[in-house]
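J.: The number in my numbering is simply the position in the sequence shown, starting from 1, with 1352 added.
Mind looking over this structure? Questions follow.
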Amino acid sequence: MTVISQVILKADDELRYPSSGELKSIREFLQTGVQRTRIAATLAENEKKIVQEATKQLWQKRPDFIAPGGNAYGERQRALCIRDFGWYLRLITYGVLAGDVEPIEKIGIIGVREMYNSLGVPVPGMVEAINSLKKASLDLLSSEDATAAAPYFDYIIQAMS
């Protein structure tokens, strides 16, 4: 849900009009709309490039992941890792567009540690993967846009740590 939806639902639940502070948060949300849309568009339009760069960074940093016995050894395992990169990037764009981490929490974080543990995927390796995705993504953004987008990557990293 966006800030606007949250404010309206909360005020309605409490049978009141939105407070001046809540209206201010809506105004701030609307003022950042162009930037949030620009960031999401840049990430979406460059998904393939970002995923390729993040993958390259991760394999260089952790060649053991793609070596025999590694979690990304073999074409199928490697393809699954690359698929996850794209999925997390899309999830981050949802958060950026909403101006909130709630979509990230609801769609992608709940149960992620348990899922990766049950699949035998080392969670610290996923943290490294998201860090690589973050770097590859932020390198394509202006410093102002990178500053706005970074917390969404950090939210996932923190949730996995």
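Beta carbons: idealized from backbone N, C-alpha and C, even for Gly.
Excluding the five sequence neighbours on either side, which residues of its own chain have a C-beta within less than 6 Å of the C-beta of Trp1411, listed in chain order?
T.: Taken in chain order, the residues that qualify are Ile1418.
J.: Could you check the C-alpha separation between Leu1490 and Ala1498 for me, to the nearest Å?
T.: In a straight line, the C-alpha of Leu1490 is about 5 Å away from that of Ala1498.
J.: Please report how far the alpha carbon of Val1479 lies from the alpha carbon of Ala1502, in whole angstroms.
T.: Going by the C-alpha atoms only, they are around 14 Å apart.
J.: Could you tell me whether the Cβ atoms of Leu1448 and Ile1391 are closer together than 7 Å?
T.: Note that residue 1448 is Val in the sequence shown here, rather than Leu. For Val1448 and Ile1391, yes; Cβs fall inside 7 Å.
J.: May I have the straight-line CA-CA distance separating Phe1505 from Leu1471, to the nearest angstrom?
T.: One C-alpha to the other measures close to 23 Å.
J.: Cα separation between Gln1383 and Gly1451?
T.: Cα-Cα distance, rounded: 11 Å.
J.: With a threshold of 16 other CB atoms inside 10 Å of the CB of Thr1389, please say whether the residue is buried or exposed.
T.: With fewer than 16 Cβ atoms within 10 Å of its Cβ, Thr1389 is classed as exposed.
J.: Can you list, in chain order, the stretches of the alpha helix (DSSP H) that have 4 or more residues and sit fully within the region 1412-1463?
T.: List check, alpha helix (DSSP H) in window: 1427-1450.
J.: Under a three-way DSSP split, which group does Asp1364 fall into?
T.: Helix, per DSSP.
J.: Which of the three DSSP states, helix, strand or coil, is assigned to Pro1370?
T.: Of the three classes helix, strand and coil, the one that applies to Pro1370 here is coil, per DSSP.
J.: Under 7 Å, do Gly1438 and Glu1399 count as touching if we go by C-beta distance?
T.: It is a contact, given that the beta carbons lie within the stated cut-off.
J.: DSSP state of Thr1407, grouped into three classes?
T.: Looking at Thr1407 - three-state DSSP - the assignment turns out to be helix.
J.: Does the Cβ of Pro1420 have 16 or more other Cβ atoms within 10 Å, making it buried, or fewer, making it exposed?
T.: Per the 10 Å Cβ criterion, exposed.
J.: Report the option in Ser1494, Ala1481, Glu1496 whose CA atom is closest to the CA atom of Ser1513.
T.: When only C-alpha atoms are compared, the closest one is Ala1481.
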